[in-house]
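Structure, as structure tokens:
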Amino acid sequence: MDDLNDVYNDLIMEHSMNSYNKKKLSCADFCEVGHNPNCGDEISLEIKLNGDVIEDMAFSGHGCAISQASTSIMIDTLKGKTVEEAREIVRTFIEMIKREETDEKKLKRLEDAIAFRNVSHMPARVKCALLAWHTIEDILNGANQ
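Start counting the sequence shown at 10; every next residue gets the next number (this note's numbering).
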């Protein structure tokens with residue numbers, strides 16, 4: 010398990026330092042700002058839909074390694090999914106962080122985002138990991154209504 014944790018830590022660090030998802034979209038359909046007043050993390054999340062499919066996503070902003078990596082990995086995980094699939098993945102991620110979801114089969118749908126599983130044991134970091142996921146949840150709940 011330690012080897013797996015090392016892989017996850019490497020993945021989180023790579024995304025926090027070199028995120029290719031940190032950019033501006035030329036024609037976003039939705040843009041939402043997420044802010045964590047506890048630590049000052051702030052992101053602006055942009056999403057481009059093609060019908061009911063998430064065609065592209067990007068973010069800008071600043072924050073700790075956990076919030077930046079969580080945002081970038083979330084984008085990789087949700088790009089290409091339908092709005093409904095994305096809602097389900099977001100729900101699963103939030104439940105994993107809150108330790109409400111432990112079913113390995115369901116957690117596999119999170120792809121690389123499962124790297125944040127251990128954040129649930131670090132209460133001070135939970136809001137950092139969840140910032141982008143709550144922000145996209147707000148966007149998706151407003152989309153296609």
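For glycine and all other residues, C-beta sits at the position ideal for the given N, C-alpha and C. The structure displayed is predicted, hence computed values, not measured ones.
Of all the options Gln77, Cys48, Asp38 and Leu54, which has the alpha carbon lying nearest to the alpha carbon of Gly60?
Residue Asp38 is the option with its Cα nearest to Gly60.
CB-CB under 7 Å to Glu146, same chain, minus the five flanking residues each way: which ones, in chain order?
For Glu146, where only same-chain residues beyond five positions count, the Cβ hits under 7 Å are Val99.
Across which residues does DSSP place Asp65 in a beta bridge pair?
According to DSSP, which records beta bridges pairwise, Asp65 is partnered with Lys57.
Which value, in whole angstroms, describes the spacing of the CA atoms of Ile63 and Met131?
Each residue's alpha carbon lies about 31 Å from the other.
What distance in whole Å lies between the Cβ atoms of Lys107 and Asn45, which are believed to be in contact at a cut-off of 8 Å?
At roughly 16 Å, the Cβ-Cβ gap does not stay under 8 Å, so Asn45 and Lys107 are not in contact.
Which first and last residues belong to the beta strand (DSSP E) in which Leu39 is found?
Sequence check: residue 39 is Phe here, not Leu. Phe39 to Asn45 is the extent of the beta strand (DSSP E) around Phe39.
For Leu34, which of Phe125, Ser53, Ala74 and Ile82 has the nearest alpha-carbon?
Taking only the C-alpha atoms, the option nearest Leu34 is Ser53.
Between the Cα of Lys88 and the Cα atoms of Ser28, Leu116 and Leu58, which residue gives the shortest distance?
If we check each option's Cα against that of Lys88, Leu58 comes out closest.
Where are the beta strand (DSSP E) runs, 3 residues long or more, that stay fully inside the segment 59 to 145, in chain order?
Within the segment 59 to 145, the complete beta strand (DSSP E) runs of at least 3 residues are 62 to 71.
State the DSSP-derived secondary structure class of Asn18, mapped to helix, strand or coil.
Of the three classes helix, strand and coil, the one that applies to Asn18 here is helix, per DSSP.
Run the CB neighbour count on Asn7, radius 10 Å, all protein chains shown included, and call it buried at 16 or more, exposed below.
In this structure the chain extends from 10 to 154, so residue 7 is not present and cannot be described.
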